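Below: one structure, written as structure tokens.
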Amino acid sequence: MKRKFPVLIGSLVLAATLAGCGTSSRAPVSELGSGRSAGGPAGPGEYIVQRGDTLYKISRANNVSVSQLMSMNKLSSPSLEVGQRLRVSASASSSSAGTDSTVAGSATPTASGSTSATPASDATAVSWGWPVATTKIITQFSASTRGIDIEGKLGDPVSAAASGSVSYVGNGLRGLGNLILISHSNGFISAYAHNSKLLVKNGQKVSKGQKIAEIGQSDTASPRLHFEIRRRGKPVNPLSYLPRR
Numbered sequence: 004m005k006r007k008f009p010v011l012i013g014s015l016v017l018a019a020t021l022a023g024c025g026t027s028s029r030a031p032v033s034e035l036g037s038g039r040s041a042g043g044p045a046g047p048g049e050y051i052v053q054r055g056d057t058l059y060k061i062s063r064a065n066n067v068s069v070s071q072l073m074s075m076n077k078l079s080s081p082s083l084e085v086g087q088r089l090r091v092s093a094s095a096s097s098s099s100a101g102t103d104s105t106v107a108g109s110a111t112p113t114a115s116g117s118t119s120a121t122p123a124s125d126a127t128a129v130s131w132g133w134p135v136a137t138t139k140i141i142t143q144f145s146a147s148t149r150g151i152d153i154e155g156k157l158g159d160p161v162s163a164a165a166s167g168s169v170s171y172v173g174n175g176l177r178g179l180g181n182l183i184l185i186s187h188s189n190g191f192i193s194a195y196a197h198n199s200k201l202l203v204k205n206g207q208k209v210s211k212g213q214k215i216a217e218i219g220q221s222d223t224a225s226p227r228l229h230f231e232i233r234r235r236g237k238p239v240n241p242l243s244y245l246p247r248r
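Every number in our numbering is 3 more than the matching position in the sequence shown, counting from 1.
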């Protein structure tokens with residue numbers, strides 16, 4: 004996502020990073036955090052996010068407010084990613100923006116604040132643990148969020164959700180702040196965004212439960228950890244993998 008989310012995760016393609024293709028300190032093209040365009044030209048009332056775009060810039064160019072853009076595209080965060088398709092007027096099809104037809108592994112939607120979901124069939128392929136001590140979910144998993152936001156306090160410890168190797172550490176993705184990606188076994192990758200402090204390096208081996216960062220507040224309304232799990236490059240609901248609390 005160019006967009007900040009954008010950007011979420013440049014010059015390395017995030018897809019390559021998420022696939023575990025080595026490590027790099029260069030920011031990968033964003034794919035974390037919100038929906039990508041499924042491809043193709045923009046239709047009537049649509050806009051495809053370009054590198055350097057922000058919701059404010061797009062809203063000014065299309066004479067709509069930032070809040071309207073977020074509402075039309077069901078965005079829970081102002082973060083964007085390069086290639087993301089946005090509705091910029093009511094004439095655009097509601098099914099064409101903010102979603103990605105390639106998203107897989109979605110679990111049954113959970114209620115706001117809920118910390119449980121239907122366990123995934125491969126939930127035990129990796130030994131997962133919660134990345135923070137708190138349990139309040141601010142933002143649930145969806146095709147647009149691609150992860151969950153967990154409430155916390157500034158400076159609270161962020162731990163590796165599973166053992167693995169750090170594949171990215173940096174803040175080159177606007178909207179995600181200080182970001183860490185960890186590659187795990189069986190094609191899984193976990194992402195930790197909005198950190199105030201990063202405590203690991205690229206290529207470093209980490210153990211489940213090891214402190215890797217501290218919670219921060221970057222481009223968010225309150226301190227939190229944005230946490231994602233990718234299975235073979237595709238976002239899955241972390242609550243379907245994390246142990247129930």
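By construction, the Cβ of each residue, glycine as well, lies at the ideal position given by its N, Cα and C atoms. Keep in mind it's a predicted model, so treat the numbers as computed, not measured.
Sequence-distant residues of the same chain with beta carbon closer than 6 angstroms to residue i, five excluded per side
i, result
"S92", "G48"
"I232", "S193, V239, P241 and Y244"
"N65", "V91"
"D152", "I141, T142, R227 and H229"
Contact under 7 angstroms by Cβ, residue i with residue j
i, j, result
"I183", "I215", "yes"
"A165", "W131", "yes"
"Y244", "A126", "yes"
"T137", "R248", "no"
"A120", "L242", "yes"
"Y50", "L89", "yes"
Near the ligand ZN: residue i beta-carbon under 6 angstroms from a heavy atom
i, result
"P81", "Of ligands this structure carries none, so the ligand ZN is not represented either."
CB contact below 7 angstroms: residue i versus chain E
i, result
"S130", "The structure shown contains no chain E, having only a single protein chain."
Own chain partners of residue i with C-beta closer than 7 angstroms, once the 5 adjacent residues on each side are dropped
i, result
"S68", "S62"
"G167", "I185, S186, H187 and V209"
"P122", "S243"
"V203", "V169, V172, I183, V209 and I215"
"E217", "G158, D159, P160, V161, N198, S199 and K200"
DSSP beta-bridge partners of residue i
i, result
"T142", "D152"
"P160", "E217"
"E49", "R90"
"S196", "Checking the sequence, you will find Ala at residue 196 rather than Ser. Note: A196 sits in a beta bridge opposite H229."
"R234", "F191 and K237"
"L182", "G173"
"S147", "Looking at the DSSP assignment, S147 forms no beta bridge with any residue, so it has no partner."
"G167", "V209"
"L201", "A216"
Cα-Cα separation between residue i and residue j, rounded to whole angstroms
i, j, result
"L228", "V169", "17 angstroms"
"V106", "R54", "A caution first: V106 carries a pLDDT of 33, below 50, which makes its placement in the model too unreliable to give a value."
"G173", "F230", "15 angstroms"
"M263", "P81", "There is simply no residue 263 to check, as the chain begins at 4 and stops at 248 in what is shown."
"S147", "S186", "22 angstroms"
"Q143", "G150", "7 angstroms"
"T57", "N198", "21 angstroms"
"N205", "Y171", "6 angstroms"
"G86", "K77", "17 angstroms"
"Y59", "M75", "15 angstroms"
"G190", "Q220", "29 angstroms"
"Q207", "G46", "44 angstroms"
"D263", "V52", "With the chain covering only 4 through 248, there is no way to say anything about residue 263."
"A3", "P246", "Past the boundaries of the shown model lies residue 3; the chain is included only from 4 to 248, so the question cannot be answered."
Contacts around residue i, its chain only, beta-carbon distance under 8 angstroms, and the 5 residues preceding and following it disregarded
i, result
"G212", "G132, S162 and A163"
"Q71", "S62"
"S124", "none"
"Q225", "It should be noted that the sequence gives Ser, not Gln, for residue 225. Taken in chain order, the residues that qualify are I141 and E154."
Per the contact definition of three or more C-beta pairs closer than 8 angstroms, is the segment 178-186 in contact with the segment 149-160? Using a Cβ-Cβ distance cut-off of 8 angstroms, the segment 149-160 and the segment 178-186 are not in contact, since fewer than three pairs of beta carbons, one from each stretch, lie closer than that value.
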